[in-house]
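Protein chains in written order, with numbering that gives the first Met the number 0: chain A, 0 to 247; chain B, 0 to 247; chain C, 0 to 247; chain D, 0 to 247; chain E, 0 to 247; chain F, 0 to 247; chain G, 0 to 247; chain H, 0 to 247.
Protein chains: 8
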Amino acid sequence: MNSKEMENFLKNIKNGDISIEDGMDKLKDLSYSDLGFAKIDNHRELRVGYPEVIYCEGKTVKQIKGIVSLMLTKDINILGTRATRVMYEGVKEICGDAQYNELARTIVIRRKDVEPSSTYIALVTGGTSDIPVAEEAAVTAEIFGNKVERIYDVGVAGIHRLFDNLDVIRRAKVIITVAGMEGALTSVVGGLVDKPVIAVPTSVGYGASFKGLAALLSMLNSCSSGVSVVNIDNGFGAGYLASIINKL
Amino acid sequence: MNSKEMENFLKNIKNGDISIEDGMDKLKDLSYSDLGFAKIDNHRELRVGYPEVIYCEGKTVKQIKGIVSLMLTKDINILGTRATRVMYEGVKEICGDAQYNELARTIVIRRKDVEPSSTYIALVTGGTSDIPVAEEAAVTAEIFGNKVERIYDVGVAGIHRLFDNLDVIRRAKVIITVAGMEGALTSVVGGLVDKPVIAVPTSVGYGASFKGLAALLSMLNSCSSGVSVVNIDNGFGAGYLASIINKL
Amino acid sequence: MNSKEMENFLKNIKNGDISIEDGMDKLKDLSYSDLGFAKIDNHRELRVGYPEVIYCEGKTVKQIKGIVSLMLTKDINILGTRATRVMYEGVKEICGDAQYNELARTIVIRRKDVEPSSTYIALVTGGTSDIPVAEEAAVTAEIFGNKVERIYDVGVAGIHRLFDNLDVIRRAKVIITVAGMEGALTSVVGGLVDKPVIAVPTSVGYGASFKGLAALLSMLNSCSSGVSVVNIDNGFGAGYLASIINKL
Amino acid sequence: MNSKEMENFLKNIKNGDISIEDGMDKLKDLSYSDLGFAKIDNHRELRVGYPEVIYCEGKTVKQIKGIVSLMLTKDINILGTRATRVMYEGVKEICGDAQYNELARTIVIRRKDVEPSSTYIALVTGGTSDIPVAEEAAVTAEIFGNKVERIYDVGVAGIHRLFDNLDVIRRAKVIITVAGMEGALTSVVGGLVDKPVIAVPTSVGYGASFKGLAALLSMLNSCSSGVSVVNIDNGFGAGYLASIINKL
Amino acid sequence: MNSKEMENFLKNIKNGDISIEDGMDKLKDLSYSDLGFAKIDNHRELRVGYPEVIYCEGKTVKQIKGIVSLMLTKDINILGTRATRVMYEGVKEICGDAQYNELARTIVIRRKDVEPSSTYIALVTGGTSDIPVAEEAAVTAEIFGNKVERIYDVGVAGIHRLFDNLDVIRRAKVIITVAGMEGALTSVVGGLVDKPVIAVPTSVGYGASFKGLAALLSMLNSCSSGVSVVNIDNGFGAGYLASIINKL
Amino acid sequence: MNSKEMENFLKNIKNGDISIEDGMDKLKDLSYSDLGFAKIDNHRELRVGYPEVIYCEGKTVKQIKGIVSLMLTKDINILGTRATRVMYEGVKEICGDAQYNELARTIVIRRKDVEPSSTYIALVTGGTSDIPVAEEAAVTAEIFGNKVERIYDVGVAGIHRLFDNLDVIRRAKVIITVAGMEGALTSVVGGLVDKPVIAVPTSVGYGASFKGLAALLSMLNSCSSGVSVVNIDNGFGAGYLASIINKL
Amino acid sequence: MNSKEMENFLKNIKNGDISIEDGMDKLKDLSYSDLGFAKIDNHRELRVGYPEVIYCEGKTVKQIKGIVSLMLTKDINILGTRATRVMYEGVKEICGDAQYNELARTIVIRRKDVEPSSTYIALVTGGTSDIPVAEEAAVTAEIFGNKVERIYDVGVAGIHRLFDNLDVIRRAKVIITVAGMEGALTSVVGGLVDKPVIAVPTSVGYGASFKGLAALLSMLNSCSSGVSVVNIDNGFGAGYLASIINKL
Amino acid sequence: MNSKEMENFLKNIKNGDISIEDGMDKLKDLSYSDLGFAKIDNHRELRVGYPEVIYCEGKTVKQIKGIVSLMLTKDINILGTRATRVMYEGVKEICGDAQYNELARTIVIRRKDVEPSSTYIALVTGGTSDIPVAEEAAVTAEIFGNKVERIYDVGVAGIHRLFDNLDVIRRAKVIITVAGMEGALTSVVGGLVDKPVIAVPTSVGYGASFKGLAALLSMLNSCSSGVSVVNIDNGFGAGYLASIINKL
């Protein structure tokens, strides 16, 4: 129900074409589907621009299948994140063309084409070990219709690798930096570009990295401006936000 | 031994009907049963209103069976929390009608009926992944004779789902909110009701959720009043406290 | 606007007695007063049962005076917490009978009598140094019309002091325990009563108390059931919640 | 030296119109001015779109005056953040029209007009105590030529205040949420809009807020998508990033 | 080499009966045996009163067997802590009468009798789940010749169980309290006795217990005097120290 | 009331020489004096061996004077810890011979002589800056009748200073080590003696010492046995425990 | 491309012998090899003195094999750290003489001899359990052509073992100390030598060692000078840095 | 007493030229001077290469003067760190030519010339606010006879400032990087040089910098090799270590 429909709905309430009881029911139906263990937010696409994404971690295979079944009744693309292969196999039973990306741990079901963006998102990682998180961001951005340029393994220990790829980074509309350990990549990139930089700390590292805390703090305290941060290993969040910005 | 019995007991000591030695023995027997590795608190129901509950984690199957055996000699309902299936199977050997709730990880043995409460507890979760903790709360509250209304998956990312269920929440005598990640649900609910809100942070989340720490701190700092907090994933504690309040 | 008024209002919208535009305006006025730097929640008393309380910390004296001025136009009792003497003196300029409690750091303005509760709240502290936090709870509970019984300095280092006061604690409808250092008082009380226990960790202590963290963690991990916790030094929150429970 | 100038410069090096030695010198001069204790990044505006901003904290008044003196020789607006009144008075000695914002702790010197943006930034705070941080963001965004809409004190404890202002928030191109305590405001806003949300945790709170840590973790773990986070109390960073996004 | 032998040795050096070179060699031999991967501290018993104990965690089975082999050449009792069953089986190959305590995870080899102490150590646990740590303390104290009285599962949730056993606790020469969760047991015991209390926090608990941190902080901040603390789960350390004190 | 008196008291209750009402009163009087803001634990000396000590931090001067006044009515030595000079001056008004130790921040009032111990406590510090904490321990131990040997500034950076004083340390009955920074002194001492070592971490240091946390963790993880730890800067606790052990 | 080659290259650009386009290409080829998922830093040896080392953790076996394949085309020694046996077996398929060190978890492929250093690195551990980390340091230092003297298991619990080996430690050009638990070894060594000490905290320990945090903080706060610290368990980093210093 | 003297001393003991008692005395005198509150480590210069430095924080002015008085009796340069102006004025009373560096907070007394090093230490800071810590390092290195090249304010937000000064950094024998906030400077420098890098995190920053913790963790997790870290704000430690390395 978009803004215009909402206006008509309210007018109908006012002139009695819709009774208050029916109005209550309708609003209930329009807004979400209730599966008991989950309330699928049908209203979401209209409200925030994208359909709900399934965060699979902590859900049973049965629950995920229930949610996917319901979403399949609509003409939307479906994205599941932090999915195990077992979850994927469950989904595949009810949807043969579901695709699994082992690295990104995503399940993707495509039902409609999204017009690709003319501008692109630059996706930069410090190392090879950061790629799984980066790929989660890439899959997310791509299913939402964005073009993504991957620039992997250009961390500051060999900073010439970054400078060599600076052009493609600078021409992006928005940049995602993905780095573990000390996450210095973000500050260096932030100091070289005039576009928003979304920093994703990863849990790559050991010891005093404290599972990504070091990179997280590093990015939050970046001396470069134009940088903001999402949760540790949150590739999805970065891809989602980059998509919003890329389409502004 | 309730208050009245205690008074009589003391009078008997005074007038010599019970010798001091016998008094000592009696007090010992009344208060707890000693299994060596555990001292079952028989006095508990009189003192705090409920029989002792078995916290199974960290106990051996043999120990749990020993405790259950002893408790079975009395006419009480038995609840075991944080129980694995293996523990349950051990208990089942000595008590065929013990029931296991896989989601809530509880063992329940019913021996007497509890009059259901007229008022109810509203049990609200932010997401689907929070349900196991919520179910532990529900099982606890129910075995103590409370009516529980479940409102699951109404987190603030789709806040209309919460508003749609606000009536049932507001009519409860006490409300339990169960949420992981940033736990914002608690503050939103707290700002909309005039009943006590018991907040249960869950370990649902990743990265900077630090296994529930983010939700815990969030709930402790709630800008809404009327909110208090129990330990991370402590569904039992929330159910227990809600039961006390619901029966005031 | 209470529930009944709200129903009438909606009927008036439906039958056209109130135009949508006027309805929009009315709802705006009813809900809060906008001072620019603050939006006073007039709707609060109807929604959650108590008028808004002024959290003074971080506000300028000018802002506090502006908020008090607006609230004085209504027939309500006013409570300001975490107020300095300087703030109080500012308030006194516009309200001569405002009262300041140095220990509790509260400003109180009484404008209507509240019927005292028949049941009472037991307010227990571990030590003398915990009294300021306890008094904040007491002032809060009392202005909301509750009777409070103070039992101060009965920490577990001399546990007979606690047992000696157990009767008055047990007869309360709800209990607040206020303790710093290791906060063991809460667990001991929790194991001896059948009423809800609201635990307030205080920042009393030094070194590894980490400004109340030790007491906070201790209370969250209480082995006694029926206990929940509010923020460190949050006497107000405990008094507020105790008031809700005391009036159930 | 912009991109085009840089190309000419390199061609001149190639054809010998500029000797390598002269080239070296020129590059040195173009890039920054060396004051010994500070190296002013003249190249910054061309590289990242904005002139360097002076972070005053930890600098002596003499150092700040030296930096301002140098920047005054160019036709640029000057912004100093985290400035004390004493620092401001030092600056005023060398620049009579410098302006000080007590709340935001900023020094501003305007030397050229910036065309105002057609779109605007929505600046939302949870409470009154968050205003100083918000104002730092506002001053920053405004000096960079952005229109800012302030929506203050709409935290979730009285969520109707937020809904009442939702329209102006939704029409913004980018949204900044500023909140302390549990920071739940960010997740609620994030779930209601389709624009990027920049979250600023503040150190408003006490006890287990741990000087803003609770709000920070809360925002990083937001269950709403489209949200990213800057450092605690970093109004400047949020205003700067919002400006970049608003001008995309 | 005890004090007397050391004096003779030095006299021999002085009068030339032992050359400096030989003296150097002798001192080397006396002090420790070098296995390359380990230097067994033969000098330890004379210096600190007890032979070296093998901390098995992090050592390979081969290394442990090497160390045990060497120690078997002397007339001493051998204690290995934090040993897995696999380690024990390795040791058993070279020492058939080695004994394994599954609960305490200790390997014990007895080669000489130790005169039992007349006084005893009271070993008190909060719950059943704390018993493994307590047993490590018991095994340690017993192999060093101490009598140990076990009082298990007397935590403060049912404090009468503690009072019922207070006599045996008070008659001890030194007391060990072993507790997880909030560890309140220590403070309660500390307030009731006039003997040294050694507190052992355990990792029993979940959520905000942070693997024993809550109990550790609780014990360090105990409001009772006469209490000191060892590392989380450090049953060995408590048993060792209690033995030293018991034999004073 | 000592053990024997208690037995008589109970017999009198039994045979009616004391009525239950009088018995109740008597027990109340014997156990503590109630000042409202404080309950002085008169029973303490009989129960744990020492009279109550006044922890002055967080108490008002008026409260401290009230407590001292009450204690002065008995024939006991009085110790106040963490006292400011202002507190001392208040106490001096009611007790002219009260003594203040600026370094240790203690108030001492001597009313009876304590027989000095034959054995002594060795009090060892790592540096000069640790002396205030050590002196608090010394004052505490001395008022309880212990002989104390001070060995100051023998930290491991110049370990020969420690070895040079090893004899006097080894001859003590119990040893207190006081150290900040990394607290390595404790482990070195612990490895060289056969007596109990009480470790006091101090807040001496900066940066990653985190106000004594580094020293605290270091001491808790000591590879030497026979070591236990008290709270950061808790000189009193160490002196008190050392006194208990010294008198065993 | 070393410094001299770089100068020639620039001269060729100036005189046109190399076109700008070719220059661009050449620089690209010289600096790194791009495998997509990894950018091998060929330039590294010239820049920082050593070829790139493969950090295997978080890489797939396929990725590691790809990197090794590329490096095998050059005449360099190859070092892989934090490698599992499975990774090693993958590498062995393409390089039969690759060697695996189970303890150090390293893969080594030798292709050229490195002249051994005349001076040596002293490698000291506190215990036997620290050896795996130490061996990673040793393998690293040795493949870079350094002589390493191992002094294992000389922790301060038996400090005579350290003194007995002090000569060989003091004669080293640089010293690495490897210790877990409280890491006191570093401070003791640091106070006895006049050479740089590189401290490696290890995760050996339990409870309040917090996986090496205690040792890390201890070493950072060392009261001995001349000490610096690398990440927890970072044997590689210590070996690498020691090699740089040893060759100065 | 250097090595040669020590050998003679031992020979004299052997042949009786020095009695054991006299030997004991001599060793006592040679090693340190005992002031009671401090034991000045006279032996230090011979053992670790530099005379003891006075860490002034936490010492009284009287103690500092006592230590300086004693050190003035020897022909050595004196360095006091973390000294306030009040401490300096105390020292000046007994030593008129003592010099105070306000920025570095050091007291310096020069009594003998030190031959300047031919190689130099590069001292690099991220910002202007890091200069005080850097100056402490500089003063330390200089009094020990090292040449220091200062390169200030070259943080990665404007990385061309760093590249412009790379030559002077690369030609140093050892490099100190001093940076707060996210400390990324260290990793960038570490990736560009073949010399040891000593990283000093500073407490410059706010919010999630947690007083330097962010920079500390960042540096410990540096992806560049050849880097080690000292305590937050520990300019002295870095200068001291750099001096040792510079003189190898």
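C-beta: ideal position from N, C-alpha, C; glycine also.
Burial state of residue i, where buried means 16 or more other Cβ atoms lie within 10 Å
i	result
T72(H)	exposed
Q62(E)	buried
E181(G)	buried
P131(H)	buried
G15(F)	exposed
Enclosing beta strand (DSSP E) for residue i [first to last residue]
i	result
N100(C)	98-100
E148(C)	146-150
S227(B)	226-228
N66(F)	Checking the sequence, you will find Ile at residue 66(F) rather than Asn. Element bounds for I66(F): not the beta strand (DSSP E) but the alpha helix (DSSP H), 60-71.
P248(G)	The question about residue 248(G) has no answer, for chain G in this structure spans 0 to 247.
DSSP state of residue i mapped onto helix, strand, coil
i	result
G15(E)	coil
K210(D)	helix
L122(E)	strand
A33(C)	The identity of residue 33(C) in the sequence shown is Asp, whereas the question assumes Ala. Three-state DSSP puts D33(C) in a strand.
G79(H)	strand
Of the listed residues the options, nearest to residue i (C-alpha basis)
i	options	result
V138(B)	L122(B), V153(B), D152(B)	L122(B)
V229(C)	G236(B), L219(B), G238(B), N233(B)	L219(B)
I142(G)	K58(G), T118(G), Y49(G)	Y49(G)
G225(H)	L216(G), V226(G), G236(G)	G236(G)
T59(E)	N100(G), S128(G), R110(G)	S128(G)
A207(H)	S223(D), K210(D), A241(D)	K210(D)
Proximal residues to residue i (C-beta, below 7 Å), its chain only, five neighbours per side dropped
i	result
L212(D)	none
Own chain, CB closer than 6 Å to residue i, minus 5 neighbours either side, in chain order
i	result
E134(E)	L102, A103
G125(F)	G154, A178, L184
Cutoff 8 Å; reference residue i; Cβ partners in own chain excluding five residues on either side
i	result
I93(A)	K64, V67, S68, L71
Span of the alpha helix (DSSP H), counted from its first residue to its last, around residue i
i	result
T139(D)	130-142
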